[in-house]
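One structure below.
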Amino acid sequence: MKYLTLNNGIKIPQIGLGIYDLHEEEAILEAIDMGYRLFDTAQMYGNERLLGNAIKKSNVPREEFFITTKLYYPSKSYEFAKKGIEQSLHNLQLDYIDLMLIHEPYKESLEMYRALEEAYEEGKIKAIGISNFNEELYLDFIKKCKVIPAVNQVEAHVFFTRKDLQKVMLENGTLMEAWSPLCAGKHDIFNNEVLISIGKKYNKTAAQIALKYLLSRDIIIIPKSANKERLLENISLFDFELTNDDIEKIETLNENKSLFGWY
Ligand SMILES: NC(=O)c1ccc[n+]([C@@H]2O[C@H](COP(=O)([O-])OP(=O)(O)OC[C@H]3O[C@@H](n4cnc5c(N)ncnc54)[C@H](OP(=O)(O)O)[C@@H]3O)[C@@H](O)[C@H]2O)c1
């Protein structure tokens, strides 16, 4: 596994498993066996407890894991956010959370984030961040918060590359984490000719080329799969490199807009 370093010095695995809509403990245990250590959940997904149970069942020491969860609209105030943090710790059955995010921009994001900043200072959360903030919202947010977000988790994939947003974030110390890095299968991505033809050179699938593109830009990725073969595929990305020519071809796919109607 390759690790990136967050703005507070903490290391984050560059590939993780997103567990939205994943309710099979077995898949999480298989992923742990394969070497996944980053798991991305959220209060909204309703599977924090399932993830906590799998971590407990595995024989892997807690310190090896990197667990991300997110606060959402029921925590839309400072007081409710404080309760929300305690609720996630309880559900995950952990003493600390590695990364906690504000799930999406809310009118109350700043006061929710203040609760995250306090929990961060108390050591209950090792790194804090945001999700689904576009460039304008991000720039406004960092003017007002105390702790610069370590991560902004946003939609990013070969059809929506978000290079401008990433540039602004890197200038200010925030790493990009790509949600739906396989665009949840939209746009017939797994049969895309450009990705398939590049994949043939390296004996890799279209999915692997799409994920590798994001890795090559120092983006953290959290593809979701509940299938053993595809879990393995999505983590087997460090034995080849894309050339500049490959990257140029992949970037012709960019349509520069959300496939999910966000932003
Ligand atoms: N912050 C946010 O607002 C936000 C929003 C959306 C998602 N997320 C996070 O991002 C994670 C990933 O996003 P996502 O689940 O929407 O989509 P995704 O990871 O882009 O794609 C998942 C889909 O692709 C299939 N798949 C996975 N690997 C494959 C492979 N190698 N070849 C062919 N098919 C493959 C999966 O099916 P199988 O399971 O059958 O393999 C699943 O249907 C989520 O789980 C969640 O943690 C965050």
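For the sequence shown, this note's numbering begins at 701 and goes up steadily by one.
The C-beta atom is built at its ideal place from N, Cα and C for all residues, glycine as well.
Remember, predicted model here, so these are calculated numbers, not experimental data.
Residue i: CB within 7 Å of a non-hydrogen atom of ligand 1
{"i": "G829", "result": "no"}
{"i": "H803", "result": "yes"}
{"i": "T905", "result": "yes"}
{"i": "R930", "result": "yes"}
{"i": "S958", "result": "no"}
{"i": "A926", "result": "yes"}
{"i": "I922", "result": "yes"}
{"i": "V880", "result": "A small fix is needed here, since residue 880 is Ser in this sequence, not Val. Yes."}
{"i": "I719", "result": "yes"}
{"i": "A884", "result": "yes"}
{"i": "E724", "result": "no"}
{"i": "Q853", "result": "yes"}
{"i": "E748", "result": "no"}
Residue i versus residue j: straight-line alpha-carbon distance, rounded
{"i": "D946", "j": "A910", "result": "11 Å"}
{"i": "L706", "j": "K776", "result": "26 Å"}
{"i": "V894", "j": "K949", "result": "7 Å"}
{"i": "E877", "j": "L959", "result": "17 Å"}
{"i": "L771", "j": "A781", "result": "7 Å"}
{"i": "P923", "j": "L882", "result": "7 Å"}
C-beta contact flag for residue i and residue j at 8 Å
{"i": "A907", "j": "N927", "result": "no"}
{"i": "S788", "j": "I797", "result": "yes"}
{"i": "Q853", "j": "S880", "result": "no"}
{"i": "V847", "j": "T874", "result": "no"}
{"i": "A754", "j": "I785", "result": "no"}
Residue interval of the beta strand (DSSP E) (run including residue i)
{"i": "I797", "result": "I797 to I802"}
{"i": "D740", "result": "L738 to D740"}
Neighbour-count burial assignment, residue i, 16 or more Cβ in a 10 Å radius
{"i": "R862", "result": "buried"}
{"i": "T679", "result": "In this structure the chain extends from 701 to 963, so residue 679 is not present and cannot be described."}
{"i": "I723", "result": "Inspection of the sequence shows that residue 723 is occupied by His rather than by Ile. The residue is exposed, with fewer than 16 neighbouring Cβ atoms inside 10 Å."}
{"i": "H790", "result": "exposed"}
{"i": "D795", "result": "exposed"}
{"i": "Y773", "result": "exposed"}
{"i": "Q866", "result": "buried"}
Residue interval of the alpha helix (DSSP H) (run including residue i)
{"i": "F780", "result": "Y778 to L792"}
{"i": "I842", "result": "E835 to K844"}
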